[in-house]
Structures are given as C-alpha cells and as structure tokens.
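Residue numbers (the working numbering): 464 to 796.
Backbone N, C-alpha and C define an ideal beta-carbon position, used for all residues, glycine too.
Structure record follows, encoded as structure tokens.
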Ligand code: NAD
Ligand code: ISE
C-alpha cells in the first residue's frame with residue numbers, strides 16, 4: 464500500500480482523500496496537513512490519519528511515501544520543491560505554481576534531482592469525452608483542425624476570485640488540454656473583455672475571452688464566464704476541414720413536463736469530472752508504485768503557466784502577446 468500524505472483539506476483535498484481511501488486501489492491516506500487547523504484535524508480524525516500543522520513536516524515524514532498537494536494555488540510551488548528535495552513522488556493540483564518563473568524553478572530542480580517525480584492535476588486529459596476528441600483528431604478522420612471554440616462556465620464564484628484568476632486558475636485547464644489535443648504549442652495570445660455581468664464584483668471582470676494561435680495556425684477562442692448562473696458547463700468544438708467535432712455533453716435524461724422539454728445541466732466540477740479525477744489519481748498511484756510519472760508533467764505545468772502569463776500580460780496591455788515556448792529538455796521526452 465502506497466502511504467499518501469495530503470496537504471490542503473479544502474474542497475478538492477477532501478474529494479481526493481475520499482477517492483484515494485474509498486474508491487481507488489493501492490493507496491491509503493496516512494497523513495494530512497492544513498493551515499486551517501480545525502478542518503485539517505477533523506479530516507485527519509475521519510480517516511484515522513496523522514495531522515501535521517506544517518506541510519513541510521508532512522513531506523519529510525518517514526511515514527509518508529508520496530504527496531498530494533491540494534492547498535491554494537500560491538502554496539503549490541514550495542510544497543512541490545520540498546517533495547523534489549526529499550525525493551518523493553508528488554501529485555500537485557493545478558496550477559503547478561502561481562507564476563511561470565516558479566514553475567521553471569520546479570522543472571530545474573526536478574532535472575537536477577535526476578528523476579521525474581511530479582504529476583500535475585490537469586485531469587481533463589483523462590475525461591472520456593476529451594479522449595474521444597483526441598482520437599478523432601489524431602486519426603484525421605475529418606482532416607486538420609482549423610478552429611476550436613471553447614467555453615468554461617461556472618455558475619458562480621466567491622469574492623476571493625479575481626480578474627487574473629479567470630486565466631490563471633480556470634482557463635489553465637483549456638490551455639493544458641488544447642496543447643494535448645492538438646499536439647501543438649501556442650504562438651500568440653490575446654484577451655478580450657466583453658461587457659461585465661452584474662453578477663460580478665469590484666475585483667472581477669467577468670466574462671473574458673481568450674484568443675490563442677497555435678504553431679500551424681489553428682485559432683482558438685475560449686469564453687471564461689464564472690458567474691453564468693445556470694450551471695457548470697464545459698464546451699469544446701473542433702472545427703475541422705470536413706467535419707465539426709464537439710465534446711460530448713454529460714448524459715442525462717430528456718424530460719418532457721409542463722409544456723417544456725428539459726435536460727439537467729451539472730452544477731460543479733466535482734460531478735462533471737468525477738471519472739476523470741478517479742482515472743488520473745489511479746494512474747498516479749500505479750505509476751508511483753512503479754516509480755514512474757505518466758500523467759501531465761512539471762514541463763506541461765510550466766508551459767501552461769507560460770501561456771497563462773502571456774494571456775495575463777495581453778489582458779493588462781490590451782495587445783496581442785507573442786508566445787515563445789522553450790524547447791523541451793530531453794529529460795521530459
Ligand atoms: P479550498 O479553498 O476549498 O481549499 C484549500 C485549502 O488549502 C484550505 O483548506 C486552506 O486552509 C488550505 N491552505 C491554505 N494555505 C495553506 C498552506 N500554506 N498550507 C496548507 N494548506 C493551506 O480550495 P479548493 O477548491 O479545494 O482548491 C485547492 C486547489 O485545488 C487549488 O489550487 C485549485 O486551483 C485546485 N483545484 C483544482 C480543481 C480541478 O478541477 N483540478 C478543482 C478545484 C480546485
Ligand atoms: C477550479 O479551481 C477548477 O480547477 C475547476 O476545474 C474549474 O472549472 C474552475 O473554474 C476553477 O476555479
């Protein structure tokens with residue numbers, strides 16, 4: 464049994480703890496840590512795990528084989544670096560770190576350590592719908608992709624969610640999954656600010672539109688709308704030379720009632736990507752036991768954060784930003 468320690472026992476931390484302990488095979492939760500002591504201790508008690516007030520102590524503990532980082536974005540970098548220093552496999556929720564420069568340090572530290580140990584939580588790569596899209600694009604059944612239209616909609620967000628987070632916390636999912644889908648890097652980014660919804664707040668301009676261009680000229684538009692009110696809705700439509708391929712909608716019964724036809728729309732990421740989270744973490748457990756990394760790497764996390772940085776700069780300057788992706792080191796090939 465792989466003995467796992469989890470840092471951050473908030474929303475997704477508790478989800479991952481539950482799935483590792485109750486749903487997946489090969490691992491158990493032996494330690495948890497959170498700066499919010501009350502929540503952390505409660506979760507530790509529920510799973511009969513040891514509580515650590517300090518995340519670094521959890522990472523260094525001899526009782527812990529591998530780490531899951533599910534604390535807030537700004538804390539990821541330091542915990543991942545500590546895990547690398549202690550030669551422990553680490554699954555880090557997205558983003559790998561808050562800024563691209565910190566991701567670069569992680570990549571350098573991992574290379575210097577001589578062994579790949581980092582997997583980043585870009586779970587859409589494991590979603591059955593995206594996998595189907597990838598297969599169709601790869602087979603070129605409908606020719607080359609020309610344009611991709613995406614939407615990332617949350618019903619609402621809390622007051623701590625700010626303008627940059629639409630890109631750095633939400634759209635990063637699209638940046639990762641579209642690199643993986645197309646097999647191409649981005650060469651430019653632009654952000655357009657439509658009229659602001661009245662459901663937004665002072666520190667949040669919502670919605671936003673990101674425009675990306677890939678090496679071969681595929682044009683991508685991503686609508687990020689985190690106060691859309693009606694549900695959690697993720698869309699991706701790949702316009703190709705002889706066909707249009709859409710990400711399958713989560714299935715739900717069609718209801719006819721009260722002179723109307725209706726279908727349920729999910730309301731959160733937990734249910735929308737439940738199977739994808741299960742698959743990504745099972746892969747992480749199995750790969751860790753086999754002393755390998757198979758999911759999105761620190762390199763992927765770095766390039767995604769570089770994309771986010773270019774988009775944030777594009778939004779701040781109101782201009783189109785060129786993106787120059789560095790060459791992939793042989794370590795990650
Ligand atoms: P949350 O606010 O519910 O939980 C975060 C937890 O981290 C809180 O309990 C907080 O007390 C704790 N924390 C804060 N600083 C800490 C520190 N220095 N050390 C240890 N713990 C600390 O947030 P969440 O929604 O669970 O998100 C957590 C992370 O997971 C974020 O980075 C977010 O981007 C990511 N996330 C990913 C997905 C996905 O779809 N892959 C979904 C949701 C969240
Ligand atoms: C959240 O942090 C996630 O990662 C969800 O998957 C995403 O849809 C949401 O917009 C983010 O805030």
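- Positions of the beta strand (DSSP E) runs, each at least 3 residues long and wholly inside the region 695-756, are given as 696-703, 706-709, 717-720, 723-726 in order along the chain.
- Taken from the Cβ of residue 707, every heavy atom of ligand 1 lies 7 Å or farther away.
- Non-local beta-carbon contacts of residue 694 in its own chain, meaning distances under 8 Å to residues more than five positions away in sequence, involve 616, 618, 728, 729, 730 in chain order.
- Between the region 734-744 and the region 577-597 there are three or more inter-stretch CB-CB distances shorter than 8 Å, so the stretches are counted as touching.
- Distances from the CB of residue 632 to the heavy atoms of ligand 1 include at least one below 7 Å.
- Using a 10 angstroms sphere on the CB of residue 517, the tally of other CB atoms stays under 16, which defines it as exposed.
- In the pairwise beta carbon analysis, the region 705-713 is classified as touching the region 593-611: at least three pairs are separated by under 8 Å.
- When secondary structure is reduced to three states using DSSP, residue 496 falls in the strand class.
- Listed in chain order, the beta strand (DSSP E) elements of length 3 or more contained wholly in the region 605-645 are 608-616.
- Of the candidates 533, 747, 643, 687, the residue whose Cα lies closest to the Cα of residue 598 is 643.
- In this structure residue 774 touches residue 654 by the C-beta definition: roughly 6 Å separates them, less than 8 Å.
- Relative to the non-hydrogen atoms of ligand 1, the Cβ of residue 536 comes within a distance shorter than 7 Å of at least one.
- Pairing residue 502 with residue 472 gives a Cβ-Cβ distance under 8 Å.
- C-alpha of residue 481 to C-alpha of residue 750: approximately 20 Å in a straight line.
- The shortest CA-to-CA distance from residue 524 to any of 466, 534, 557 is the one to 466.
- DSSP places residue 513 in the strand class (E or B) of the three-state scheme.
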